[in-house]
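Protein chains in written order, with the working numbering: chain D, 254 to 593; chain W, 254 to 593.
Okay, so here's the structure we're looking at.
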C-alpha cells in the first residue's frame, strides 16, 4: 500500500472552490482504485472553502486544510504572481512539495503563474534544461501524449531530445505503455525537411535506441492515427496543433448538433443518432483526460483546465496519483542520466 | 473583356491527365463567368493527353496543346526535378510564364518541385525575400486566407511582414475583401508572448496602418471564428495548423458517418440527418477551395491538391483566373514598394 499526499489549490479555476472540493470527493468515490492510500492538503481561503468542505465528509476526513490569505487571479501576469502572491493558495501548495509535506500539486489556476512559481520554487530535475507541458489526447484507437504545449516557444535540439525522454517516461507511468513509441513532429517525413533544431534532434534521437523507441518523424496529418504514444514538438507548434485540432473538433460537433436539432423531423429521429454519437464522440470527451503535466520539475505538478468541473478535476488528481505512484520523476532522471 | 491565358500541367496529380482535362471542361461549363475570355496552353505527353482532349470539344477549341517528353513524379526530390526534368510538362508550363506565352500556371503535381522550379525559373517579385504558400479556408461564416503553409520553415520578422502584405493582396483579389483584416498567429494574445521573430513582426505590422488593416495576434483556438481575413504564420506552424485541423475534421465527420450507418434504426433515420448534414458540412468541402497560391513569384502559380478531381481542379483554375484578372501581383508589388 503506497501513501500518496497531494496538495490541492482550492482557489484556482472558473468554478472554484466548489468544483475542486467536489472533484476530490469524485476522486475518492470513483477513481482511487484499491492499492493506494491517498490524502490531501487543501490550500484556500477559509471563509470560502470550509463551508463546502464540511459537506464532503470523506474529503474532510482525508485532508488537512491550510488557510491562505491570498489568491492568484486568472489574469495575473506570471511575474506579478511570482513576486506578489507568496501568500496565495497556489504558491503555498507548491511550497508544500519543497517542504516535503506533499509529493504533488493539482491546480486549475493561472497556467503561466503555476509554471513560473513551480519552476522558481521547485527547480528542474538534475540535468533537465527546461520543463515542458504534456498532456494526453485521444485518437480513434488509443491515447497519446503530446508535448510541449507551450512552456517553451523556441527549443533547441537538446531540449527536444529531453522532451522525448520525459514524454516516454510519462507514457510509461500514466498510460501504462511498456515501450512507448516516440515521434518527432515535422512538416515532411523526409529527413531533409524541418528546422535545424528538428533535424539535429532527429539525429540525437535515432542514436538513443537503448532508452527510447524512436519512430522518426510524424506529420500533423497523422497525429490521430493512433500508432504513436508520444509526439514531441516545440511549445509553439504543440500549442497551435492542440488548439487548432480542439477548435475544429468543437466546431464540427456543434454543427452536427445544430443540424440534428434544426427541424422537427431530424430532432425526432436525431434522438436515436445522438445516443450513439455521444457514445463514440464521448471517447473525445476531454473530462477524462483533464490535466496537463509540467514535466521536468522537482515534484509532480498538474494543471487542470480552468473550466474543469468536478469530474474533470477528479481525473486531474488521478493523473497526479498515477505519476507519483509509478515514480514518473525517477524514471525521467534515470532516462536523462543514462545519456549524459 | 480581359484575355487570360493559363498554362496547365496535364500530367500532375493522382488522376491526371483525365481529371485535369475534365477540370478545364468543368471550368468552362460552370465557373468561367461572363467578363473574361480564358484560354489554355496544355502541357503533357501526347499519347496520354490527346485521346482525352479530343473528347472535350470546348477545351480543345480553347486551348493549345504542347507535347512534353517527360513527367515529374510525385516522389521526385525537388532538386532532382529542377535539374533533370527540364523537358517535363510542369517545367515547360512554368517556362511559358517566363516566355510571356501565359500569365499563370495550374498544376496538381509535386509541390516541392513546383515551388523549386517556379522560384528558379520565374524568380520573386521586386523586394520580396521569400515566396509563401497561401490558401483559402472555411469557417462557419466567411472564408479566410492562411499563409505560409510550408514554403519556409524558419521566418524572420521581415518575411512575416511581407507575408501579411501578400496575404492582404490575395484576400482583396481572390476573396473580394475591401480592407482585409490581418492577424498574426501566436500562442497568447499578450504582447510579451511568442518568438522574437513574431514579436518583431508585430511591431512592424502595427506601424503599417496605411497599407494594412492589422488586428494584432490571433490564437489557434480562434482561427474558425470568422472575424479575420488573413492569418499569418511561418511555414512550419501554418502547415501543422492546417493539417491538424483537417485531420480532426475528417476524423469527426467519419465517426459521425460510421455511427449513422452502424445499425438499421440509425441508418433509416440517418437518411434525414445526412441530407441536412451534408449541406452544412458541405461548407467545409475542400473541392470549392482547391488550390494553394505560391505568392511572391513573377507569375501566378497555383498548386491544386494531388488528389483533386475535375471539380476541384476547375476551382483551382478559377483561383488563377481571379488572381490574374484582379492583378494580384501588381497589388503585392504596390503594397511592398510603399513600405520599402
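No residue lacks a Cβ here, since even glycine has one placed at the ideal position from N, Cα and C.
Since this is a predicted model, take the numbers as computed values, not measurements.
Along the chain, where does the beta strand (DSSP E) that runs through residue i open and close?
i                      : result
residue 437 of chain D : 434 to 438
residue 386 of chain D : 385 to 390
residue 360 of chain W : 357 to 360
residue 554 of chain D : 553 to 556
residue 484 of chain D : 483 to 485
residue 545 of chain W : 545 to 548
Have a look at residue i and residue j and give me their C-alpha separation to the nearest angstrom.
i                      : j                      : result
residue 399 of chain D : residue 571 of chain W : 39 angstroms
residue 432 of chain D : residue 418 of chain D : 12 angstroms
residue 377 of chain D : residue 383 of chain D : 7 angstroms
residue 495 of chain D : residue 479 of chain W : 19 angstroms
residue 298 of chain D : residue 504 of chain D : 38 angstroms
residue 392 of chain W : residue 447 of chain W : 25 angstroms
residue 499 of chain D : residue 270 of chain W : 38 angstroms
residue 487 of chain D : residue 372 of chain D : 18 angstroms
residue 581 of chain D : residue 261 of chain W : 57 angstroms
residue 466 of chain W : residue 435 of chain W : 6 angstroms
residue 347 of chain W : residue 587 of chain W : 24 angstroms
residue 460 of chain W : residue 316 of chain D : 55 angstroms
residue 268 of chain D : residue 476 of chain D : 32 angstroms
residue 440 of chain W : residue 513 of chain W : 37 angstroms
residue 352 of chain D : residue 375 of chain D : 10 angstroms
residue 258 of chain D : residue 574 of chain D : 9 angstroms
residue 305 of chain W : residue 264 of chain W : 12 angstroms
residue 345 of chain D : residue 320 of chain D : 10 angstroms
residue 303 of chain D : residue 474 of chain W : 36 angstroms
residue 501 of chain D : residue 354 of chain D : 42 angstroms
residue 307 of chain W : residue 289 of chain W : 24 angstroms
residue 508 of chain D : residue 497 of chain D : 16 angstroms
residue 430 of chain D : residue 424 of chain D : 6 angstroms
residue 390 of chain W : residue 322 of chain D : 49 angstroms
Any beta-carbon of chain D closer than 9 angstroms to the one on residue i?
i                      : result
residue 496 of chain W : yes
residue 440 of chain W : yes
residue 393 of chain W : yes
residue 541 of chain W : no
residue 492 of chain W : yes
residue 473 of chain W : yes
residue 422 of chain W : no
Please confirm if residue i has its CB atom under 9 angstroms from at least one CB of chain W.
i                      : result
residue 368 of chain D : no
residue 489 of chain D : yes
residue 480 of chain D : no
residue 552 of chain D : no
residue 447 of chain D : yes
residue 509 of chain D : yes
residue 409 of chain D : no
residue 243 of chain D : In the structure as shown, chain D begins at 254 and stops at 593. Residue 243 of chain D is therefore absent and cannot be evaluated.
residue 403 of chain D : yes
residue 374 of chain D : no
residue 636 of chain D : Residue 636 of chain D cannot be examined here, being either before or after the span of chain D that is shown, 254 to 593.
residue 406 of chain D : yes
residue 302 of chain D : no
residue 502 of chain D : yes
residue 569 of chain D : no
residue 477 of chain D : yes
residue 486 of chain D : yes
Starting from the Cα of residue i, find the closest Cα among the options and give me that residue.
i                      : options                    : result
residue 326 of chain W : W:320, W:340, W:314, W:319 : W:340
residue 576 of chain W : W:498, W:561, W:440, W:545 : W:545
residue 266 of chain W : W:282, W:366, W:306        : W:366
residue 553 of chain W : W:386, W:501, W:296        : W:386
residue 437 of chain D : D:453, D:425, D:426, D:429 : D:453
residue 356 of chain D : D:563, D:294, D:336, D:424 : D:294
residue 492 of chain D : D:370, D:395, D:402        : D:402
residue 332 of chain W : W:358, W:342, W:369        : W:369
residue 312 of chain D : D:592, D:485, D:277        : D:277
residue 451 of chain W : W:464, W:484, W:551        : W:484
residue 360 of chain W : W:421, W:584, W:559        : W:559
Compare the C-beta of residue i with all C-beta atoms of chain C and state if any pair is closer than 9 angstroms.
i                      : result
residue 397 of chain W : Absence of chain C from the displayed structure is noted, the protein chains being D and W.
Terminal residues of the continuous alpha helix (DSSP H) containing residue i?
i                      : result
residue 506 of chain W : 488 to 513
residue 269 of chain W : First-last for residue 269 of chain W: undefined, no H or E at that position.
residue 209 of chain D : The displayed coordinates of chain D run from 254 to 593. Any statement about residue 209 of chain D would go beyond what the structure contains.
residue 464 of chain W : Neither: residue 464 of chain W is in no alpha helix (DSSP H) and is coded neither H nor E.
residue 452 of chain D : 449 to 459
| task | Kindly provide the ranges of any alpha helix (DSSP H) runs that are 4 or more residues long and lie completely inside the region 560 to 587 of chain W, ordered along the chain. | result | 563 to 578
| Of all the alpha helix (DSSP H) runs that stay within the bounds of the region 368 to 427 of chain W, which reach a length of 4 or more residues? | 410 to 427
| 4 or more residues per run - each alpha helix (DSSP H) lying fully within the region 280 to 330 of chain D | 299 to 306, 310 to 314
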